[in-house]
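Step one of this worksheet: look at the structure below.
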Amino acid sequence: MLLIQLLVCSYFGTSNAFLTPPPNGPPSQLNLNFGDNDDGAHSASMPIIYNKDDGFRNGFDEEDAENPSDHTQSKSSEASDSLRGGAGGGSSASSNGVVRGAQVTSARVTNFWSSAWQNFSSKVSQVFKSKETKKEEELMEQLRTMPVQAVSLPKDSVVPDEVARMAVKRSGQLGQPLRTDRVQEIAKGIKRWYNSKGYVLHSVTGATLKPETATAIITVEEPKVSQIPVDITVCKEMIVDDETGEIMTFKQYRRKEAARKSFRYDRIEKSDLNTTFVITQGRTSAKKISQAMNLKSGKPFKWDNGRWQRILSSGVFGKVLNAGPARTRDGNVCLQVLATEPPPRHLEYGLGKSLYTGTWEGEIDFEHQNLFGGGETVGLVVRRGTTDAAPSIRIQYKDDKFGLEGGHEMEVFTDYIGDSAEDTSSKATTSSDGSDSADDKFVDYEHDDLFNRRGATFRLKNPIDPGYVRNSLASISAERTSTRTGLHENLASTSLTLGPFRQSLPMYARSSFSTTLTGGTRLGEADGENEGIFGYEMLPYSQGSVTSRQILPLLSITKGDSRKPISLALQHIVATATPNLPRHEAKAMGISAQIRGVKPDGGATSTVKGTAELRIPFELPKIGGDATMLFFGDWFYVQKDHSSPFYSKSSIGVGLRKNVQGLPLKYDVSYTSEGDIKQFFGLGMDFDA
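Just so we're aligned: the sequence shown equals residues -17 to -1, 1 to 672 in mature numbering (1 follows the signal peptide of the UniProt record, and there is no 0).
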């Protein structure tokens, strides 16, 4: 079978280190080879090579093919040497010039007769061709002009048939002879699809024409994932002592310098020292990285940059020194990563506001990260306010799957939800005959002071396909609340959070939207007539909230400008609940509606809250760094319960924002609708979209 093969030798921007050049083809093939340029294959002059049982080749040797310009270079160098010799002026220079001139003349004569002999031999061979050779040449010419009736790709290729048909249609190859420019156009279309789908190492390597069916088969190079999809090398940055050349940790180097300068303290910056990287034992699991990147052995290598960025932002790596595909011994490709790892254990402390009491709390947070090599985290959080009668404690285990789908979190908690450290509640009352009834206990619970809540929560990240909903979070919780007198109530609830859905707007503005829906039930002691499940009375409830945020720059900024523009920030929150909402949840809803200088009168069942801020960044030349001044206006509408009307409060004021030693400090002065002027300090970042 005679085949005509057109080889596309360009890889269209892919890394040639991972691709092998296309073969010359088996005997009985016509190879039309051409070189590369920046845009891929081009239709330059093409030396024809015809092989049939290795009986016929091109007319020049392999050495000439590898170094086609040797003769030209020798001529040029000899001519220039002759000119330099003639310019010398001495007898020695003259004799050298004569010798070089003779050499040049001899070389020219030799080249002339060699060329003449080659031309004569070529003409003789053309005259005395055999019938078989002439027949083969006629067949070759017929193949060159054969119109292509169909174009196909290998069956195991990842390219869909629709993509291949579209590329062939755009090239105009069907019904025309196989040509380099048309195959090049097909290759460009397929390569664009490769890049858009993450097949960054895949490429088109050629086209083969089958004369029996007039079908052109596009040959492709599609590297597979090796048996070890990911290879991670973890290293540690060490200090090289300039005096001794000893390698030590930064802590050891700092201790050594402190011993030398016992009466003087000089701050040591790690960036000013000579450092090196030493390979060490790592904790990150290569198997879990390959699962997160969807790299499976034997499958085509596919790079998902979005997933890789999620892995980087998860914190399992400190510095990624190098990451990319590499050839393995089995001829396939694996992802090689050279990186450092951060310390696994962290102990932090800070301040925060309680969700259920609204007071400031001190917080101690211990975390052990990357517990099993996949970014898992176990943590202990202890919080307590100055007026709290008991601390709030949470034990958490989190595996967010590098921020991808399937992440989950489990926690057990005990939260203080009382109002003060003193017991101001009424004692549990009894009926007139001295006996306790279920009704009395239920009424007492509604009026007794809350003390704490204990329970467990399980959260599942992205339970909905991210192709439909970008971000989603589902949770289920079971808890038990208690009062100061020892009365209890059991709760069970589930919630679903959708968002935030972020959107870029014109003029570099941005917007976000999120919503949360919660449904649950309170299990109170039944009174005998309304007995529910397991002897408890069920009081179902539901709750929902919607949050909308917009950041609108008021002055246009150029792309790449690091300065913050003057911007208008807007935030609106709507929340509502049905009857039977637990008291501590109603209390939390009221606290969340609090604005600067004003807070609601107790709990709430429906709230509407709005905030508008004009943020003006400026620099502090004497102090250093930048700060932000803002003018704000806050308002809310709150309904205490379903039988009460809505009431509103508002405030306006000015604030200052400044980062000091990494702590975001806030200072606000507000004038409220009640005629009060209040000022207060705070910690934390302002809302963003």
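Note that CB positions come from ideal geometry on N, CA and C, so glycine has one too.
Bear in mind the structure is a predicted one, so any value in this text is a computation, not a measurement.
Of the residues the options, which one's Cα is nearest the Cα of residue i?
i      : options                        : result
Ile251 : Asn473, Ile222, Arg546         : Ile222
Lys234 : Thr501, Arg243, Lys253         : Lys253
His555 : Phe601, Thr594, Gly362         : Thr594
Gly314 : Leu363, Asn353, Glu205, Arg266 : Glu205
Pro536 : Leu553, Leu522, Pro523         : Leu553
Ser337 : Gly638, Asp584, Glu568         : Glu568
Thr370 : Thr232, Gly401, Gly357, Glu392 : Gly401
Glu664 : Glu657, Lys138, Leu639, Ser656 : The question names Glu, but residue 664 is Phe in the sequence shown. Residue Leu639 is the option with its Cα nearest to Phe664.
Thr188 : Lys174, Pro194, Val203         : Val203
Thr466 : Arg566, Ser478, Ile211         : Arg566
Thr360 : Gln379, Gly502, Asp287         : Gln379
Ser460 : Trp96, His329, Leu330, Asn473  : Asn473
Leu330 : Gly341, Asp348, Thr342         : Asp348
Ser589 : Pro604, Leu597, Pro628         : Pro628
Asp214 : Glu121, Ser179, Ser497, Gly265 : Gly265
His471 : Tyr519, Leu488, Leu481         : Tyr519
Asp624 : Pro583, Gly658, Glu657         : Pro583
Thr440 : Gly636, Lys592, Ile447, Ser458 : Ser458
Val591 : Gly482, Glu324, Ser528, Ser626 : Ser528
Which residues in the same chain have their Cβ closer than 7 Å to the Cβ of residue i, if we skip the five residues on either side of it in sequence?
i      : result
Leu646 : Leu666
Asp225 : Asn257
Ser154 : Arg165, Glu168, Ile169
Pro130 : Gly158, Gln159, Pro160, Ala197
Gly368 : Ser337, Thr340, Thr342, Trp343, Glu344
Val261 : Cys218, Lys219, Met221, Ile230
Measuring CB to CB, does residue i end up less than 9 Å from residue j?
i      : j      : result
Met319 : Thr216 : The sequence given here places Gln at residue 319; Met does not occur at that position. Their beta carbons are under 9 Å apart, which means Gln319 touches Thr216 by this criterion.
Lys279 : Gly181 : no
Thr559 : Gln533 : no
Ile599 : Phe615 : no
Tyr339 : Asp398 : yes
Cys362 : Glu346 : The sequence shown places Gly at residue 362, rather than the Cys named in the question. Going by C-beta atoms, Gly362 is not nearer than 9 Å to Glu346.
Ser495 : Ala306 : no
Leu500 : Met521 : no
Leu456 : Asn445 : yes
Gly356 : Thr267 : yes
Ile200 : Ile173 : no
Ile578 : Asp617 : yes
Ala587 : Val621 : yes
Glu596 : Leu551 : yes
Pro327 : Asn288 : no
Gly358 : Val395 : no
Leu387 : Arg290 : yes
Tell me the rounded alpha-carbon separation between residue i and residue j.
i      : j      : result
Thr530 : Asn454 : 15 Å
Asp36  : Leu192 : For Asp36, the predicted model reports a pLDDT of 37, less than 50, meaning its position is unreliable; a value from the coordinates is still stated below. Going by the C-alpha atoms only, they are around 20 Å apart.
Gly608 : Gln644 : 11 Å
Lys118 : Ser105 : 18 Å
Lys271 : Gln292 : 15 Å
Ile606 : Leu648 : 15 Å
Tyr33  : Val299 : Confidence at Tyr33 is low in this model, with a pLDDT of 30, below 50, so the placement of that residue should be treated as unreliable; the coordinate-derived value is given next. Cα to Cα, the separation comes out at about 57 Å.
Ser135 : Trp176 : 16 Å
Lys138 : Met393 : 46 Å
Glu429 : Val557 : 26 Å
Ser140 : Ser478 : 44 Å
Leu538 : Arg436 : 49 Å
Asn14  : Ala269 : For Asn14, the pLDDT reaches just 41, beneath the cut-off of 50, and the residue's location in the model is therefore unreliable, although a value from the coordinates is still provided. Looking at the two C-alpha atoms, the distance is approximately 44 Å.
Phe95  : Asn102 : 11 Å
Would you mind sorting residue i into buried or exposed? The rule is 16 or more other CB atoms within 10 Å of its CB.
i      : result
Tyr451 : exposed
Ala99  : exposed
Ser653 : buried
Asn642 : exposed
Val384 : Here residue 384 turns out to be Lys, not Val, going by the sequence shown. Classification for Lys384: buried.
Thr259 : exposed
Tyr524 : buried
Gly159 : Note that residue 159 is Gln in the sequence shown, not Gly. Exposed.
Thr504 : buried
Met668 : exposed
Pro604 : exposed
Arg463 : exposed
What does a CB cutoff of less than 8 Å around residue i pick up in its chain, not counting 5 residues either side in sequence?
i      : result
Val316 : Phe1, Leu184, Pro206, Lys207, Val208, Ser209, Phe284, Pro308, Ala309, Arg310
Among the residues of its own chain, which have a CB less than 6 Å from the CB of residue i, if the five just before and after it don't count?
i      : result
Ile376 : Val365, Thr397
Val581 : Lys632, Ser634, Thr655
Lys661 : Gly580, Ser653
Ala150 : Ile169, Gly172, Ile173
Glu602 : Asp609
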